[in-house]
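Engineer: This structure is in structure tokens; I'll ask about it shortly.
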Amino acid sequence: MDEDLQAMTRDELLAEVVKLRTAVREHRDSSGHDLCWHHPDLWGTLPEQVDPDIAVPPWPKFMRGCVAYRQSLDEQAAEARIHDAEFDERR
998 MDEDLQAMTR DELLAEVVKL RTAVREHRDS SGHDLCWHHP DLWGTLPEQV
1048 DPDIAVPPWP KFMRGCVAYR QSLDEQAAEA RIHDAEFDER R
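So, in structure tokens, the structure goes:
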């Protein structure tokens, strides 16, 4: 899948690393309600351009997943700042 890397020059490889690091940093630096979003821009940094075949849980199961994710943030990022804004106030 990553055979294209073998044909890249050093400069092309460095440019690829910078592009990927930029995308990962943008994702890492998301905060507030942006943590809950679908991230096709991040996936777009991959050379294979495919239309992801995602599956979306029904609402009750989806919301339980959101609650579990938020609880995991309490454990894994207990010192995180509080972003006390409603979804539609995010921008």
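Under the numbering used here, the residue at position 57 of the sequence shown is numbered 1054, and the numbers go up by one with no gaps. Beta carbons are placed, not taken as given, at the ideal position from N, Cα and C, and that holds for glycine.
Along the chain, where does the alpha helix (DSSP H) containing E1045 start, and where does it finish?
Structural biologist: Neither: E1045 is in no alpha helix (DSSP H) and is coded neither H nor E.
Engineer: At the level of alpha carbons, what is the spacing between E1023 and D1001?
Structural biologist: Those two C-alpha atoms are separated by around 24 Å.
Engineer: Is E1013 helix, strand or coil by DSSP?
Structural biologist: Correct three-state label for E1013: helix.
Engineer: Residues in its own chain within less than 7 Å of T1042 by CB, not counting five upstream and five downstream?
Structural biologist: These residues qualify, in order along the chain: K1016, L1017 and A1020.
Engineer: Could you tell me the distance, in whole angstroms, from the CA atom of A1012 to the CA atom of D1050?
Structural biologist: So the two alpha carbons sit approximately 29 Å from each other.
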